[in-house]
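Note that the sequence shown covers residues 46 to 351 in my numbering.
Glycine included, C-beta positions come from ideal geometry on N, C-alpha and C.
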Amino acid sequence: MTQPIEVLEVGPRDGLQNEADIISTADKLALIEAMIGYGAKRLEVASFVHPGRVPQMADAEAVIAGLPDREDVQYIGLTLNKRGIMRALATREGGSENEKGRGIDQAGCVIVASDTFGQKNQGQTIAEGIAETRDMLRFAKSEGLSAQVTISAAFGCPFEGKVKSETVLAIAEELAAEDPAEIALADTIGVGVPAQVTELFGRLGELLAGRIPMRCHFHDTRGTGIANAWAAYGAGVRTFDASLGGLGGCPFAPRATGNIATEDLVYMMDNSDVDTNIDLEAAIAANRAFAEVLGRELPSRVTRAA
46 MTQPIEVLEV GPRDGLQNEA DIISTADKLA LIEAMIGYGA KRLEVASFVH PGRVPQMADA
106 EAVIAGLPDR EDVQYIGLTL NKRGIMRALA TREGGSENEK GRGIDQAGCV IVASDTFGQK
166 NQGQTIAEGI AETRDMLRFA KSEGLSAQVT ISAAFGCPFE GKVKSETVLA IAEELAAEDP
226 AEIALADTIG VGVPAQVTEL FGRLGELLAG RIPMRCHFHD TRGTGIANAW AAYGAGVRTF
286 DASLGGLGGC PFAPRATGNI ATEDLVYMMD NSDVDTNIDL EAAIAANRAF AEVLGRELPS
346 RVTRAA
């Protein structure tokens, strides 16, 4: 129980996508610099979605063009369809839409474990999502771009309610055949509890048999996010999505609140003798600096307590 973990900082994308006021490109880049400064080595920096649906991500290419060229840092762009993969590829060095910087290192593909939510989020049923995600993974691989998959709403749907474990595992089995870089389960609306997390990630681990790494993504809508993260660690997960300050939410999931806070996750792990490679004091300082940009205190409990 003392193996180190990797923190995937999703603040620049999931943390900001639901903000009502548009955050400037310069402020986003300053935030990313601060995150790298406190030790984040993997960051989800943008999503390739229609700006009319998620206006906060309209400057995706501009943000990516301004990213620090750090060989020790991996930049991830969220993609919902093949067009998103094409935009991700275009950001890479020499791409037609971006003539500077190295661009995106990895595409994050998303499939929703619910027909209703999938249709609202990206216009796809589960079956359509599996077919589209297979094509995305194959296309990315053929173009030399790493790609991973997140199964969203894996613990519950805001429209259909409970999501069966068998549904989630069947999706994972279909997509594991395409050999993605990792498979994540996301509690998009924050309904999961530790017992569910232990059961579902335990079964996913058995299914993947160590061939494909697991990752977890928890929203803290009902206050169970950090407990769920600890349960995921016990179930063998070693990569954790988190967002500075606990920012986040989904435009298509009513009342879903933010992700687990990077500071809260790091505090729990550090004090459990689990290495995170994140400087907690620097993360708290970054939280307070970005709170000035937003004009309000961020939700992270650890920063408020500090």
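- Taking a 10 Å sphere around the C-beta of P49, we find fewer than 16 other C-beta atoms and assign the residue as exposed.
- Cβ neighbours of R137 within its own chain (closer than 8 Å, five residues either side excluded): N143, R147, G148, I149, L190.
- In this chain, the alpha helix (DSSP H) harbouring R346 covers 346-350.
- A Cβ-Cβ distance of about 19 Å is found for the pair V194 and I234, leaving them out of contact under the 8 Å criterion.
- The beta carbons of A185 and P239 sit no closer together than 8 Å.
- The secondary-structure analysis by DSSP pairs R87 across a beta bridge with L53, Q119.
- I305 sits away from F335, with the two beta carbons spaced by 8 Å or more.
- L230 sits away from F204, with the two beta carbons spaced by 8 Å or more.
- Around the beta carbon of A199, 16 or more other beta carbons sit within 10 angstroms, so the residue counts as buried.
- Relative to the Cα of L214, the nearest Cα in the group L310, I171, S317, G206 belongs to I171.
- When rounded, the separation of the alpha-carbon atoms in T307 and R260 is 15 Å.
- Taking C-beta separations shorter than 7 Å and ignoring five residues to either side along the sequence, the partners of S345 in its chain run G290, G291, A306, E308, D309, N332, following chain order.
- Per the coordinates, the alpha-carbon of P299 lies some 18 Å from the alpha-carbon of Q169.
- Assignment of I81 by DSSP, reduced to helix, strand and coil, places it in the helix class.
- Apart from the 5 residues on each side of it in sequence, E51 sits with its Cβ closer than 6 Å to the Cβ of T284 in its chain, given in chain order.
- In the structure shown, the three-state DSSP call for N273 is helix.
- Between E223 and R183, the C-beta spacing is below 8 Å.
- The C-beta distance from L76 to G56 rounds to 7 Å, short enough to fall under 8 Å.
- Counting only runs of 3 or more residues that sit fully inside the segment 182-229, the beta strand (DSSP E) segments are 191-197, in chain order.
- Ranked by Cα distance from I323, the options G303, A351, A287, G294 are led by A287.
- Taking the Cα of T124 as reference, the smallest distance to any Cα among A105, L112, I216 is reached at A105.
- In the DSSP assignment, C261 forms a beta bridge with L230, F285.
- Under DSSP, A152 forms a beta bridge with G122, A192.
- DSSP places T47 outside any alpha helix (DSSP H), giving it a letter other than H or E.
- About 5 Å separates the CB atoms of I121 and G153; that is less than 8 Å, so the two are in contact.
- Burial check for E54: the Cβ neighbour count within 10 Å reaches 16 or more, so the residue is buried.
- In the structure shown, A331 adopts helical secondary structure according to DSSP, grouped into three states.
- The C-beta of E211 has fewer than 16 other C-beta atoms within 10 Å across all chains shown, which makes the residue exposed.
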